[in-house]
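Participant: Residue numbers (our numbering): 629 to 966. Ideal Cβ placement from N, Cα and C applies to all residues, glycine included. In this text, all values refer to a predicted model and were calculated from it rather than measured experimentally.
#1: Give me, in chain order, the residues of the same chain whose beta-carbon lies closer than 7 Å to that of residue 859; leave out the 5 immediate sequence neighbours on both sides.
#2: What does a CB cutoff of less than 8 Å around residue 928 pick up in its chain, not counting 5 residues either side in sequence?
#3: Alpha carbon to alpha carbon, how far is residue 699 from residue 811? Give it in angstroms, no decimals.
#4: Do residue 676 and residue 719 come within 8 Å of each other at the CB atom, strictly closer than that value?
#5: Can you name the residues that DSSP bridges to residue 898?
#6: Secondary structure at residue 812, three-state DSSP: helix, strand or coil?
#7: Counting only the same chain and skipping the five closest in sequence on each side, list residues whose C-beta sits under 7 Å from that of residue 827.
#8: My assumption, with CB atoms under 8 Å, is that residue 706 sits in contact with residue 749. Please give the rounded CB distance.
#9: Could you tell me if residue 631 is buried or exposed, where buried requires 16 or more neighbouring beta carbons within 10 angstroms of its beta carbon?
#10: With respect to the beta strand (DSSP E) encompassing residue 825, which residues constitute its N-terminal and C-terminal limits?
#11: When DSSP labels each residue in this structure, what does residue 682 get in the three-state scheme?
#12: Specify, as a first and last residue, the run of the alpha helix (DSSP H) that residue 935 falls within.
#13: So, at 7 Å on beta carbons, what are the nonlocal neighbours of residue 787 in its own chain, with the 5 sequence-adjacent residues on each side left out?
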């Protein structure tokens, strides 16, 4: 074929039905979504392409797309919607990598060279809006009580006192509660690492109250739909009723806790980071940090609980053991769950 002036690669590709970018994007989405755990991400992945890419180059065959086409897509949003633009660039690259692997195109991915034609983005770090830590006691004692139904209020307060992530808290089943410890399994954490969360007296009282609402149900904070937990919209609705929507977020209370811990206590940064179940970026620190600092974390969380609810001392009734020294890994398999 070459000797006769032809192109065997092009001929082979021509024998296949080359998909358009839109068709290829849908195929990639269908193939990959089964491996994506986050449903929101799964939906957003294809929606961003439908919104920003397909209207411009969706009808072009994947083997005809080049760097100028990608530049045409990204230029209008590169500076005004920086984070979205970066995601769009990555997703276009994924689709075109798939097209090459499937034999529909050859050569370098045009996304690789597009940055040379785009201006440098100004780094913008967005944080979840957080309540100043000095306002937290009043938020819990007054505003939260008046703005939420009882199950939602209890869930919101436990979220604050444990400094956990929203989904981890709302999807909490009773089976993860073992006396004064919440054993959060690796598959339910962002870091994919199991963590033992110490529960102070007020946390235990919240769980005791939550039992009156959930009864024998699976979830600690059951929603209106049978067999489902509370929706994370309950926190948003509560903040709206307080007039704090946009000024404070439920997730932002992790930052509130962090600010309080760093500014008012002498606990080491490593203890605070482990209480938040953050990933360890420093490889040296990760290599030497073998334990989970459970007892120190218990002291930290008890101090945080006392700060948040200084006028509400509640004695723990769950165990005769000293909670400051009992490590959850010492719990026997025969222990009675709450």
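Facilitator: Let me spell this out:
#1: These residues qualify, in order along the chain: 851.
#2: Around residue 928: 889, 893, 895, 899, 900 and 903.
#3: Straight-line Cα distance between these residues: approximately 48 Å.
#4: Yes, these two residues count as a Cβ contact at 8 Å.
#5: Bridge pairing for residue 898: absent [DSSP].
#6: Here residue 812 sits in strand by DSSP.
#7: Only residues of its own chain outside the window of five on either side were considered, and among them 808, 809 and 810 have a CB closer than 7 Å to the CB of residue 827, listed in chain order.
#8: Yes, they are in contact, since the Cβ atoms of residue 706 and residue 749 sit about 7 Å apart, within 8 Å.
#9: So residue 631 counts as exposed.
#10: Segment 823-826, the beta strand (DSSP E) holding residue 825.
#11: Of the three classes helix, strand and coil, the one that applies to residue 682 here is helix, per DSSP.
#12: 922-936 is the span of the alpha helix (DSSP H), which, as asked, contains residue 935.
#13: Taking C-beta separations shorter than 7 Å and ignoring five residues to either side along the sequence, the partners of residue 787 in its chain run 794, 797, 878 and 881, following chain order.
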